[in-house]
Each structure stands twice: as C-alpha cells, then as structure tokens.
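Chemist: Quick note, the sequences are listed as chains A and B, same order.
Heads up: the first sequence begins at 1 in this note's numbering, then just goes up one per residue.
Heads up: the second sequence begins at 1001 in this note's numbering, then just goes up one per residue.
The beta-carbon is built from N, C-alpha and C at its ideal position, and this holds for glycine as well.
Protein chains: 2
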Amino acid sequence: MARVSDTRERIMDIAENAILEKGFSATSIDEIIAAAGITKSGFFYHFADKTALAKAILVRYLEREDRIMDGFFERGRELAEDPLQAFLVGLKLFAEAMYDLPAAHPGCLVATYCYQERLFDRDIREMMREGALNWRRRFLAMIDEIEQRYPPNDQVDREALADMINAVVEGGIVMSKTLNDPRSLGDQVMLFRSYVKLLYASREAAA
Amino acid sequence: MARVSDTRERIMDIAENAILEKGFSATSIDEIIAAAGITKSGFFYHFADKTALAKAILVRYLEREDRIMDGFFERGRELAEDPLQAFLVGLKLFAEAMYDLPAAHPGCLVATYCYQERLFDRDIREMMREGALNWRRRFLAMIDEIEQRYPPNDQVDREALADMINAVVEGGIVMSKTLNDPRSLGDQVMLFRSYVKLLYASREAAA
DNA sequence: AAATGACTGTACCTCGGGTACAGTATCGCG
DNA sequence: CGCGATACTGTACCCGAGGTACAGTCATTT
C-alpha cells in the first residue's frame, strides 16, 4: 500500500497510548489491530511478537523524551547565561509544560515497563538503564557547570542529584495518577527546582 | 484444616512477592496455587477472583507500610525534641533502612497497581488515593509543626512538599529498578532530607 | 449427629497470545 | 510487460490463563 509502511507507525501510536493508559498486558493485540484496521496477520508481519512491539515503542519513546527534555534546557541556556539560572529556567519551562497537560500525565513508559519487567528481556532492561544513565549524564554536566561557580550549601552525591529529576518525574507521575490530580507532577518538578535553588544560591541572597 | 485459615495469608504472601517481582498480570493463579500447595478450587474458595486477591493484598500492604513509616518518625520524635530535627532523624532512619535492603527495592505495590490501573475497579483506585492522602496528612502535620518554629527559606506549596516524600520514594524505587542499583532509593530519600534541611535551617547556620 | 469451614476433583468455557501457511494486491524495476 | 518484493488478508489451529459450576470430602465445632 504505502511506500514506506506507515501502518507500523500507526500500530505503535495506538499501542503506546493504550499501554500508557492501562498497562502493557491489559493492551491486547486484538484491540490494537481493531483500532488500526488491520488483521492479526498484518500485525505479526510488522512485529515478531508483542515484546518486539514493546521494544520498538520504547526506542521511539526514549528518543522523543530526550528531544523534549533537551529543548527545555537549551531554551534555558538561551534565556540565561548563568548556568544555575539556565538550569532553573529549564526546570521552570519543564514544570510549566507539565502543568499545561490537560489531564493527569499519561504515565512514563519506562515506569510502566519497569513494573512489568519480568515480561521483558535483557534488551529492554538494558535500554531503560541506558536511558536513565543518559539523563544522569546530561544533568550531571549541568550540575558540574553550576558547581564551578556556586559551592553547594549541603553535601550531596552529585550523581544522585542528577538522578533526582528523573526520580521526581517518575514519582510525580505516580502521585498524579494515584491522586488523580494533574497538578502533582508540575508541583514536584517545582519543588525539585526549589531544592536546586536553595542548594546553590548564595547564602546571603534572599529566597 | 487450620482453625483460622492461614492458607489465605499464605496465598497473599506468595502473591505479593510475585506481584512485586514481576507485576500483577505476569503472576498467574496457577503458579500461586502451585507454590501454596493448594488447588484452583481452593484459591477461588478464598478469593472471588484475581482482583479480590489484589485488593486484599493492597489493604494489608498499606497498613503495614503505614506502621513502618510511623515507626521511623515516632523514633525520630523520641530521639529529638525539635520538630525539624525529629523529622530529619526520621528521614535518616528511613533512608538507612532503604540502604540496608539487600537488593533493589522490590517495588511499591501502589505503583505496580497504578501502572495496571484499568485492570482494577474504583475500590482499588480509591484505596490507593486514600493511602496517598493519608501520607500527605501525616507529613503535612509534621511540616506545620516545623513551620511554627522555622520560617521556610523558599515559598513552597506545603501539600506538595508533604507529597514529595511519597513521590521521591516511588521515583527512587523506579530508579533503583531501572538502574539495578540498590542504593538509589536511599540516596533519593537523603536528597529529600537535604532539601528539608536547607528549606528550614536558619540561614546563618552552616551546612 | 449435624452443620460448618476448608478445601479437592473434574469438566468445561472464553480470551489472548501466538503459529502456520497459503493467497492476494500494489508497486518499482529491469 | 512481467518479476519479485512489500504489505498485507484469511483460515485454521494450539496453548495457557482466568474463570465457572458443582459435587464430593474430611476435620472441627456445637
């Protein structure tokens, strides 16, 4: 039909939404193919099994999230020269984007997979690990830059601090979902921002 | 057999471990009954269906977590009179307990359920919400007590701050699992502690 | 001795994740 | 123009998991 199959992408779109909404195992192939308007054979033409689908969606998801995240912090650097200010601006842009989501955050695919992990193979676990380490590296670089100018007001493990934004996002999503409150996620990001501010702000400066 | 069925409890123990390890849907009734040494009929004698089992496990889990959490902060109050210090001691005790876990945290049942939520009914979602609100109330009370003595060094939403510990724990577990690093969770709790310290410590006091 | 609680055993149904494989429509290419 | 590759459809079948239905059993309690 289509030159380069857009059916594959369509399957992934439908499946990703369904997985984020109700989990991987609760998302049946039958419902995906019904929504995509194809047959079961068509599905298995594109993906060897459900796990292959999960893997393909995860790859795409991680790339997309990376680009979005980079966007906020690049914009932060455009708007502020100081590394601390740039980081704080990036965090605020991120938090605002989270506040602007119409409903509770649909959920993080990594967390969704994480809680079904035995379903999946080494590949997927390794990809998720790489994704997390990638975020760590990104934020660690920013933190290092900040620390060159500002001594921290408390002794903290820099790696853990770099991971904290990831943790806060994952935790914020869980809170958002359990409380059914769309604001929770943004709130948590803003609290992390407040922590960074207090951690690096010159002590004589007022809040 | 047993006067008051301990089979029910045994089923719940086995199922809880399995669910935390690999998710709810990946845990089959067949494997549970095999481990418990009973038949399928025996299982359905105790639980109407798999969801009823999930519910029973969640109730027990929430109560247990509550007791454990209360323990740390009660001990904190025993060890320190000042509300801020008591809170910080409680957090440290909690973090240490997390560091002492032999492997990566098995996972939070709430998050596990959260990411399978459409599988479950209103009841379960309401219970998880109540659990989160319960934690919020608990920590909000502590924060209020602290604020009576210490003005915060940054403007923060107190409710969100009370929720943050829950978020940090959930996020820390996800990080612990994706990175396969048992220390992540404790690290995240310690960072939250550092935040509380910076937020309420008198500005002239050194870190 | 009867009733109750805690099961076992057998049989059967549905749904979801596949597997197997033959057939078909469309396209680009030589 | 025909060939092969790509992108599917259709049919049929298998297995495991979540149940349902219900009769039977065996120990304890009253």
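Go ahead and label A:F192 buried or exposed: buried means 16 or more other beta carbons lie within 10 angstroms of its beta carbon, across all protein chains shown.
Modeler: For the purposes of this step, residue 192 of chain A is taken as residue 192 along the first sequence, with counting starting at 1. Counting Cβ neighbours within 10 Å, A:F192 comes out buried, since at least 16 surround it.
Chemist: Anyone know if the C-beta pair for B:Q1116 and B:S1028 falls short of 8 Å?
Modeler: One-based indexing of the second sequence puts residue 1116 of chain B at position 116. One-based indexing of the second sequence puts residue 1028 of chain B at position 28. No, the pair does not count as a contact, with Cβ atoms beyond the cut-off.
Chemist: How would you write the range of the alpha helix (DSSP H) that B:D1144 sits in, first residue to last?
Modeler: For the purposes of this step, residue 1144 of chain B is identified with residue 144 of the second sequence, where counting begins at 1. Per DSSP, B:D1144 belongs to the alpha helix (DSSP H) from R1122 to R1149.
Chemist: Taking 8 Å as the threshold (C-beta atoms), are B:V1168 and A:A167 in contact?
Modeler: The count along the first sequence starts at 1 and reaches residue 167 of chain A at position 167. The count along the second sequence starts at 1 and reaches residue 1168 of chain B at position 168. Contact flag set, yes.
Chemist: Using a Cβ cut-off of 8 Å (strictly closer), state whether A:Y195 contacts chain B.
Modeler: Here residue 195 of chain A refers to the residue found at position 195 when the first sequence is read from its first residue. Closer than 8 Å: yes.
Chemist: Give me the Cβ distance between B:L1053 and B:F1047, rounded to the nearest whole Å; I'm assuming they're in contact under 8 Å.
Modeler: Counted from its first residue, the second sequence places residue 1053 of chain B at position 53. Counted from its first residue, the second sequence places residue 1047 of chain B at position 47. Right, the Cβ-Cβ distance comes to about 4 Å (below 8 Å), so this counts as a contact.
Chemist: First and last residue of the alpha helix (DSSP H) that includes B:K1051?
Modeler: Counting from one through the second sequence, the residue named residue 1051 of chain B turns up at place 51. The question names Lys, yet the displayed sequence has Thr at residue 1051 of chain B. First-last of the alpha helix (DSSP H) with B:T1051: K1050 to L1079.
Chemist: Would A:L53 pass as an interface residue toward chain B - the criterion being a Cβ-Cβ separation below 8 Å?
Modeler: Numbered from its first residue, the first sequence carries residue 53 of chain A at position 53. So no, A:L53 is outside the interface.
Chemist: Looking only at its chain, what residues have a beta carbon closer than 7 Å to the beta carbon of A:I165, apart from the 5 residues adjacent to it on each side?
Modeler: Here residue 165 of chain A refers to the residue found at position 165 when the first sequence is read from its first residue. F139 and F192, listed in sequence order.
Chemist: Measuring CA to CA, which of B:E1081, B:A1097, B:Q1188 and B:R1136 is closest to B:I1068?
Modeler: In the second sequence, the residue the question calls residue 1068 of chain B occupies position 68. Answer by Cα proximity: B:A1097.
Chemist: Identify the continuous alpha helix (DSSP H) that holds B:Y1045 and give its terminal residues.
Modeler: Walking along the second sequence from the start, residue 1045 of chain B turns up at place 45. Looking at the DSSP string, the run of the alpha helix (DSSP H) that includes B:Y1045 is K1040 to H1046.
Chemist: Would you please verify whether the beta carbon of B:Q1085 is less than 8 Å from any beta carbon of chain A?
Modeler: Position 85 of the second sequence, counting from 1, holds the residue named residue 1085 of chain B. So no, B:Q1085 is outside the interface.
Chemist: Would you kindly check if the distance between the Cβ of B:E1170 and the Cβ of A:E170 is under 8 Å?
Modeler: Mapped onto the first sequence, residue 170 of chain A falls at position 170. Mapped onto the second sequence, residue 1170 of chain B falls at position 170. Taking 8 Å as the Cβ cut-off, A:E170 and B:E1170 qualify as a contacting pair.
Chemist: Anything in chain A within Cβ reach of B:K1050, meaning under 9 Å, just list it in chain order.
Modeler: Walking along the second sequence from the start, residue 1050 of chain B turns up at place 50. Residues of chain A passing the Cβ test: none, with the nearest at roughly 12 Å.
Chemist: So, does the stretch 1132-1150 of chain B touch the stretch 1074-1090 of chain B, judging by three or more C-beta pairs under 8 Å?
Modeler: yes
Chemist: Residues in the same chain with beta-carbon distance under 6 Å from A:S176, minus the five sequence neighbours each way, listed in chain order, please.
Modeler: By 1-based counting over the first sequence, the position of residue 176 of chain A is 176. So the list reads A104, H105, S184 and L185, once near-sequence residues are dropped.
Chemist: Can you give the Cα-Cα distance for B:T1178 and A:I14, rounded to whole angstroms?
Modeler: Residue numbering aside, residue 1178 of chain B sits at position 178 when the second sequence is read from its first letter. Residue numbering aside, residue 14 of chain A sits at position 14 when the first sequence is read from its first letter. The alpha-carbon atoms of B:T1178 and A:I14 are separated by roughly 25 Å.
Chemist: Using the C-alpha atoms, what's the distance from A:D121 back to B:P1151?
Modeler: The residue you call residue 1151 of chain B lines up with position 151 of the second sequence. The residue you call residue 121 of chain A lines up with position 121 of the first sequence. Cα to Cα, B:P1151 sits roughly 50 Å from A:D121.
Chemist: Quick one, which residues of the stretch 116-142 of chain A are near chain B if we go by CB-CB under 9 Å, in chain order?
Modeler: Q116, E117, R118, L119, R125, M128, R129, G131, A132, L133 and R136
Chemist: Any C-beta of chain B sitting closer than 8 Å to the C-beta of A:L161?
Modeler: Counted from its first residue, the first sequence places residue 161 of chain A at position 161. True, the Cβ-Cβ gap to chain B drops below 8 Å.
Chemist: Using a Cβ cut-off of 7 Å, pull out every chain B residue sitting near A:L179, in sequence order please.
Modeler: Along the first sequence, one-based indexing puts residue 179 of chain A at 179. Result: R1129 and A1132.
Chemist: Shortest alpha-carbon distance to B:G1023 belongs to which of A:K55, A:S194, A:D187 and A:Y113?
Modeler: The residue labelled residue 1023 of chain B in the question sits at position 23 within the second sequence. Nearest of A:K55, A:S194, A:D187 and A:Y113 to B:G1023, Cα basis: A:Y113.
Chemist: Going by C-alpha to C-alpha distance, which of B:Q1188, B:Y1200, B:M1127 and B:S1202 sits closest to B:F1094?
Modeler: Translated into positions along the second sequence, residue 1094 of chain B becomes position 94. Comparing Cα-Cα distances from B:F1094 to each of B:Q1188, B:Y1200, B:M1127 and B:S1202, the minimum goes to B:Q1188.
Chemist: Quick one: does A:L91 have its CB under 8 Å from some CB of chain B?
Modeler: For the purposes of this step, residue 91 of chain A is taken as residue 91 along the first sequence, with counting starting at 1. No, A:L91 lies away from the interface with chain B (no Cβ there is under 8 Å from its Cβ).
Chemist: Starting from the beta carbon of A:S25, find every residue of chain B whose beta carbon is closer than 9 Å, and list them in chain order.
Modeler: The sequence position of residue 25 of chain A within the first sequence is 25, counting from 1. In chain order: G1023, F1024, S1025, A1026, Q1116 and L1119.
Chemist: Tell me the residue span of the alpha helix (DSSP H) that contains B:Q1085.
Modeler: Looking up residue 1085 of chain B in the second sequence gives position 85. It spans P1083 to Y1099 - the alpha helix (DSSP H) in which B:Q1085 sits, taken as one unbroken run.
Chemist: For chain B, check one thing: does any of its Cβ atoms lie closer than 8 Å to the Cβ of A:A207?
Modeler: Numbered from its first residue, the first sequence carries residue 207 of chain A at position 207. Confidence at A:A207 is low in this model, with a pLDDT of 44, below 50, so the placement of that residue should be treated as unreliable; the coordinate-derived value is given next. Yes - at least one Cβ of chain B is within 8 Å of the one on A:A207.
Chemist: With 16 other CB atoms within 10 Å as the buried threshold, where does A:D49 fall?
Modeler: One-based indexing of the first sequence puts residue 49 of chain A at position 49. When all chains shown are included, A:D49 counts as exposed.
Chemist: Just checking my contact of B:T1039 with B:I1033 at CB under 8 Å: how many whole Å lie between their CB atoms?
Modeler: Position 39 of the second sequence, counting from 1, holds the residue named residue 1039 of chain B. Position 33 of the second sequence, counting from 1, holds the residue named residue 1033 of chain B. At roughly 6 Å, the Cβ-Cβ gap stays under 8 Å, so B:T1039 and B:I1033 are in contact.
Chemist: For a test of the three-state rule: what should DSSP assign to B:D1187, helix, strand or coil?
Modeler: Taking the first residue of the second sequence as position 1, residue 1187 of chain B is located at position 187. Helix.
Chemist: Looking at the C-beta of A:G42, does it have a partner C-beta in chain B at a distance below 8 Å?
Modeler: The residue given as residue 42 of chain A occupies position 42 in the first sequence. Cβ-Cβ to chain B under 8 Å: no for A:G42.
Chemist: Could you list which residues in chain B have their beta carbon closer than 8 Å to that of A:M209, in chain order?
Modeler: Here chain A comprises residues numbered 1 to 207, so residue 209 of chain A is not present and cannot be evaluated.
Chemist: Beta-carbon of B:V1187 versus every beta-carbon of chain A: anything under 8 Å?
Modeler: Residue 1187 of chain B sits at position 187 when you count from the first residue of the second sequence. According to the sequence provided, residue 1187 of chain B is Asp. The question's Val does not apply to it. Interface residue, yes.
Chemist: Which class does B:F1192 belong to by DSSP, given the choice of helix, strand or coil?
Modeler: Residue mapping note: residue 1192 of chain B aligns to position 192 of the second sequence, counting from 1. Helix, per DSSP.
Chemist: Verify the CB distance criterion: does B:V1110 have a CB-CB separation below 8 Å to chain A?
Modeler: In the second sequence, the residue the question calls residue 1110 of chain B occupies position 110. Closer than 8 Å to some Cβ of chain A, the Cβ of B:V1110 qualifies, so yes.
Chemist: Would you mind telling me which residues of chain B sit closer than 7 Å to A:D100, beta carbon to beta carbon, in chain order?
Modeler: Along the first sequence, one-based indexing puts residue 100 of chain A at 100. Neighbours of A:D100 on chain B: none; closest Cβ ~17 Å, over 7 Å.
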